[in-house]
Amino acid sequence: MEQTRFVELLTKELVEGLTLAEKQELNLLLQQRAEFKKQRTIIKDYWSNDKVEYKATAEGFKKVMDAVYVAEQATEQATQTVKATKVFKLRPAFRYAAAILLLATTLCLWFYHESTSSGKYLSTKFETKITAPRMKSRLILSDSTIVTLNSGTTFKYPVAFGKGNREVYLNGEAFFEVHKDKKHPFIIHTKEMNVKVLGTAFNVKSYDYEPKSETSLIHGSIEVTLNDRKSDRIILKPKEKLIIENNSPVNNQLKTATKLKMEDAEEEGTQYSLTNLTYLPNIDSAAVETLWLKNKLVFKNEDFESIAADMNRWYGIQIIFKSQELKKLRFTATFEHESAIEALQSLRLTEDFHFKKDGTMFYISKGKGL
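Under UniProt numbering, the first residue of the sequence shown is numbered 1, with each subsequent residue one higher.
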């Protein structure tokens, strides 16, 4: 509560909107909390002096200010061109908006700087982000790493990273653009594996209830260890995908379905395979594994059971198979604007099955009905 109130009062101070009572309240907070005083000094330097140079955020602050300036000029339909480096004054409304943007950026970076320099978390609090079916979300972590979450995903991360490893927890699918920091490796923990990286872009798909997990590397380098075989370290190269068989009864089916040569491994424990990323001609230059970022649901020779799991999250529905044989049907398809009914109708053009809709439930059967 104090942090939120401090940000609110500091924002008002920057735009000269503090009342006398609020000034007294802010001064009291500054006396009680040394970190607030330090934050205020840093932010007021940014706000009042565009000549002060800071390593990571000076450019970001200038971009914010320039963007606000352009918006104000457009609103007033100004005809005079003003150089981006010129000192200018903003209307209160725009200064307030700029202050909010500045505080959000600067405080975030300040938290990260303090946590890494002290070697301790400023806060032991973890945040958990859950994306519902049919939804996606995007997060910027305290180290500037960007994480995009697919539907049906649970992502747990610390408010601020410490001096050691940057560690997060994933149940679902996410695309990571990891901020480079050789001294602080970034580690994603899932049910079956741990993915370690210094700075790169990659996709991790690992839902607890699905028979396999995947890690797809776009560029850079990552190291994967299996939770039940920690001595094995798998290094992925760009455009490679690691497929891991989760510990479940369907593992034997997965070995046959993937048709990939399995790496030498212990008879007991998680099995895995390496393959290249999937690309489809005339679809998109991006790999199939990451096209969900562009709101495209793409499958290449995937079994119906795996497709149904993705469709359940994509459309917010529940597909139920009346026959185990139907789960093994394989399809190649691309969906973008189609509804769930249209998608199933499209799949039905290549394989013989029928479906019946009951609310958000879709029953898949053989023949002409249930």
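Heads up, the beta-carbon is just placed ideally off N, CA and C, and yes, glycines get one too.
What are the boundary residues of the alpha helix (DSSP H) that includes Met-311? 304-315
Would you call the segment 319-326 in contact with the segment 285-295, where contact means no fewer than 3 C-beta pairs closer than 8 angstroms? no
Answer with buried or exposed for Ser-339, where buried requires no fewer than 16 other C-beta atoms within 10 angstroms of its C-beta. Exposed is the call here.
Which residues does DSSP pair with residue 374 in a beta bridge? Residue 374 is absent from the model: the chain starts at 1 and stops at 370.
State buried or exposed for Thr-19, treating a residue as buried only when at least 16 other CB atoms are found within 10 Å of its CB. exposed
C-beta atoms of Glu-223 and Ile-235 nearer than 7 angstroms: yes
In whole angstroms, give me the CA-to-CA distance for Met-361 and Leu-149. Going by the C-alpha atoms only, they are around 25 angstroms apart.
If I measure Cβ to Cβ from Gly-17 and keep anything under 6 angstroms in the same chain, skipping five residues before and after, which residues do I get? none
With distances taken from CA atoms, which of Thr-154, Ile-218, Asp-181, Glu-214 is nearest Met-193? Check the Cα spacing between Met-193 and each of Thr-154, Ile-218, Asp-181, Glu-214: the tightest is with Glu-214.
Distance, Cα to Cα, Phe-175 vs Val-288? 13 angstroms
If I follow the unbroken beta strand (DSSP E) through Arg-348, where does it start and stop? Premise fails: Arg-348 lies in the alpha helix (DSSP H), 340-348, not in any beta strand (DSSP E).
Could you work out which residue in Lys-163, Leu-10, Glu-25, Arg-138 is closest to Lys-38 when comparing CA atoms only? Leu-10
Bounding residues of the beta strand (DSSP E) (the contiguous stretch that carries Lys-327): It is not in any beta strand (DSSP E) - Lys-327 carries neither H nor E in the DSSP assignment.
If you draw a straight line from the alpha carbon of Glu-173 to that of Ser-323, how long is it in whole angstroms? 28 angstroms
In this structure, does DSSP put Lys-196 in helix, strand or coil? strand
Less than 8 angstroms between the CB atoms is what I'm expecting for Asn-312 and Pro-158, so what's the real figure, rounded? 30 angstroms between Cβ atoms; not a contact.
Do the CB positions of Phe-36 and Leu-29 come within less than 7 angstroms of each other? yes
Please name the residue in Asn-171, Asn-165, Gly-162, Thr-145 whose C-alpha comes closest to that of Thr-128. Asn-171
With a CB to CB cut of under 6 angstroms and the five nearest residues on each side skipped, what residues in its chain are close to Asp-208? Hits under 6 angstroms: Asn-171, Lys-191.
Determine which residues share a DSSP beta bridge with Met-361 and list them. Gln-318, Asp-358
Under 7 angstroms, do Lys-328 and Asp-352 count as touching if we go by C-beta distance? No. Outside cutoff.
Hey, out of Glu-2, Glu-22, Thr-41, whose CA is closest to Gln-32's CA? Glu-2
Would the beta-carbon of Val-178 fall within 7 angstroms of that of Thr-145? yes
Name the DSSP beta bridge partners of Arg-233, please? Thr-225
Nearest CA to the CA of Gly-220: which residue from Val-195, Lys-125, Phe-331, Lys-230? Val-195
Would you tell me roughly how many angstroms separate the C-alpha atoms of Lys-239 and Leu-217, rounded to the nearest one? 5 angstroms
Are the beta-carbon atoms belonging to residue 390 and Thr-275 less than 7 angstroms from one another? With the chain represented from 1 up to 370, any question about residue 390 goes unanswered, as that position is not in the structure.
Determine the DSSP secondary structure at Arg-138, reduced to helix, strand or coil. strand
Can you list, in chain order, the residues of its chain whose CB lies under 8 angstroms from that of Leu-326, leaving out five sequence neighbours each side? For Leu-326, where only same-chain residues beyond five positions count, the Cβ hits under 8 angstroms are Phe-304, Phe-353, Ile-364, Ser-365, Lys-366.
What does the alpha-carbon distance come out to for the pair Thr-350 and Phe-331? 8 angstroms
Does the distance from the C-beta atom of Ile-307 to that of Ser-273 stay below 7 angstroms? no
Reduced DSSP category for Arg-5 - H, G, I as helix; E, B as strand; rest coil: Arg-5: helix per DSSP, three-state reduction.
Using a Cβ-Cβ cutoff of less than 6 angstroms, which residues in the same chain neighbour residue 374 once the five nearest sequence positions on both sides are dropped? For the chain, the structure presents residues 1 to 370; residue 374 sits outside this window and is missing.
CB-CB under 7 angstroms to Lys-182, same chain, minus the five flanking residues each way: which ones, in chain order? Leu-198
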